[in-house]
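Some notes on the structure that comes next.
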Amino acid sequence: MKIVDIGSLTQAADVLHIAQPALSQQLATLEGELQQQLLIRTKRGVTPTEAGNILYMHAQTILRQCEQAHSAVNCAGQALSGQVSVGLALGSAAPNMAAQLLQAVREQHPRILLYINENFNSTLAELVTEGRMDMAVI
Numbered sequence: 350m351k352i353v354d355i356g357s358l359t360q361a362a363d364v365l366h367i368a369q370p371a372l373s374q375q376l377a378t379l380e381g382e383l384q385q386q387l388l389i390r391t392k393r394g395v396t397p398t399e400a401g402n403i404l405y406m407h408a409q410t411i412l413r414q415c416e417q418a419h420s421a422v423n424c425a426g427q428a429l430s431g432q433v434s435v436g437l438a439l440g441s442a443a444p445n446m447a448a449q450l451l452q453a454v455r456e457q458h459p460r461i462l463l464y465i466n467e468n469f470n471s472t473l474a475e476l477v478t479e480g481r482m483d484m485a486v487i
């Protein structure tokens, strides 16, 4: 995921604190197992193929579910806690609500981690539909 996030194998390897050839080998192994090219390599970096985008979306969902499961197990029987992702539409009044929303959640539910994503309506709708975002204000 980090390769796609950054757009560079070399920079992703640096962030992950592993050698670039080792990261390339892991990518080659994954591509071999899936029998699909996952990234297109250019002089400017890397971009995901269609198969790469599909895997990336599923990986995001899996990691988020793992984080939620970990949080739920650790907080069982405790105060309200967890993670909530909220999308706020660009070009609307919604982004102006971000600071107030963050402050209210922190005061009333300090164990809730709130993720704010300011984006376009269509992107937010897609993220909510795919289950990669909890809610959006459009």
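First residue of the sequence shown? That's 350 in our numbering, and the numbers climb one at a time after it. All residues carry an ideal CB built from backbone N, CA and C; glycine is no exception.
- Item | Member of Ser430, Glu382, Asp483 and Gly381 whose CA lies at the smallest distance from the CA of Pro459 | Ser430
- Go ahead and label Gly436 buried or exposed: buried means 16 or more other beta carbons lie within 10 angstroms of its beta carbon, across all protein chains shown. buried
- Item | contact_flag[the segment 364 to 379, the segment 432 to 449] where n(CB pairs < 8 Å) is 3 or more | no
- Message: In the DSSP output, what is Met484 paired with across the bridge?
- Response: DSSP output for Met484 lists Val435 as bridge partner(s).
- Query: Around the Cβ of Met350, are there at least 16 other Cβ atoms within 10 angstroms (buried) or fewer (exposed)?
  - Reply: exposed
- Query: Exposed or buried, Ile352, counting other C-beta atoms within 10 Å across all chains shown (16 or more means buried)?
  - Reply: buried
- Task: In angstroms with no decimal places, state the Cα-to-Cα distance between Thr359 and Leu404.
- Result: Rounded to the nearest angstrom, the two C-alpha atoms are 20 Å apart.
- Message: Ignoring anything shorter than 3 residues, give me the beta strand (DSSP E) runs that lie fully in the segment 354 to 420, in order along the chain.
- Response: 388 to 391 and 394 to 397
- Query: Ordered along the chain, which non-local residues of its own chain (more than five positions away) have a Cβ less than 6 Å from that of Leu462?
  - Reply: Gln432
- When the Cα atoms are used, what is the spatial distance from Met484 to Leu476? 9 Å
- Element boundaries [beta strand (DSSP E), containing Leu462]: Ile461 to Asn468
- Query: CB-CB under 7 Å to Thr410, same chain, minus the five flanking residues each way: which ones, in chain order?
  - Reply: Gly480 and Arg481
- Query: From which residue to which residue does the alpha helix (DSSP H) around Glu456 run?
  - Reply: Ala447 to Gln457
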